[in-house]
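Just add 96 to wherever you are in the sequence shown, counting from 1, and you've got my numbering.
First the structure, in the form of structure tokens, and then the observations on it.
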Amino acid sequence: MEADLSYWRFIEEWHPKYWSDDRVLLCDILFRHLEKEDVDEDDKKWIAKDFNSNEEIVHELKRLEKDLYLESLDNYYERLLA
Numbered sequence: 097m098e099a100d101l102s103y104w105r106f107i108e109e110w111h112p113k114y115w116s117d118d119r120v121l122l123c124d125i126l127f128r129h130l131e132k133e134d135v136d137e138d139d140k141k142w143i144a145k146d147f148n149s150n151e152e153i154v155h156e157l158k159r160l161e162k163d164l165y166l167e168s169l170d171n172y173y174e175r176l177l178a
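Written as structure tokens, this is what we have:
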């Protein structure tokens, strides 16, 4: 099954600090790791140190994405109703 990342377009457009929020980069690194794409050696070491399984990585990825999406949604409604 191919990943549907359409929700990321919403985050990219509406998150107030998308380009400077380190959590965006963390999500990218974790997702690429899960997809077995190229990940920097330092990032591989960090992942090996902080996570014991792919399930833990998915849990953290979902937590980060949920927070980013919620912040984006808050910003969207603030602007919509301003």
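Even for Gly, the Cβ is constructed at its ideal location relative to N, Cα and C.
Bear in mind that the values here come from a model prediction, so they are computed numbers and not experimental data.
Residues of its chain near residue i, where Cβ-Cβ distance is below 8 Å and the 5 sequence neighbours each way are ignored
i      : result
Asn171 : Trp110, His111 and Pro112
Of the listed residues the options, nearest to residue i (C-alpha basis)
i      : options                   : result
Glu161 : Glu98, Ser102 and Met97   : Ser102
Arg119 : Leu177, Leu164 and Leu169 : Leu164
Leu169 : Asp146, Glu152 and Phe106 : Phe106
Trp142 : Glu131, Lys132 and Leu122 : Leu122
Beta-carbon contacts of residue i that lie in its chain and below 7 Å, excluding the five residues immediately before and after
i      : result
Glu108 : Tyr114
Rounded separation between residue i and residue j - CA only
i      : j      : result
Met97  : Leu176 : 35 Å
Tyr173 : Leu166 : 11 Å
Exercise for the section: Specify whether the segment 152 to 171 and the segment 118 to 136 touch according to this definition: at least 3 beta carbon pairs, one from each stretch, less than 8 Å apart. Expected result: Contact between the segment 152 to 171 and the segment 118 to 136 is present, because at least three Cβ pairs lie under 8 Å.
Practice task
Please confirm if the segment 133 to 140 is in contact with the segment 104 to 118, defined as three or more CB-CB distances below 8 Å between the two stretches.
Solution key: No, the segment 133 to 140 is not in contact with the segment 104 to 118.
Exercise for the section: Kindly provide the ranges of any alpha helix (DSSP H) runs that are 4 or more residues long and lie completely inside the segment 118 to 146, ordered along the chain. Expected result: With a minimum length of 4 residues, the unbroken runs of alpha helix (DSSP H) contained wholly in the segment 118 to 146 fall at 118 to 130 and 137 to 146.
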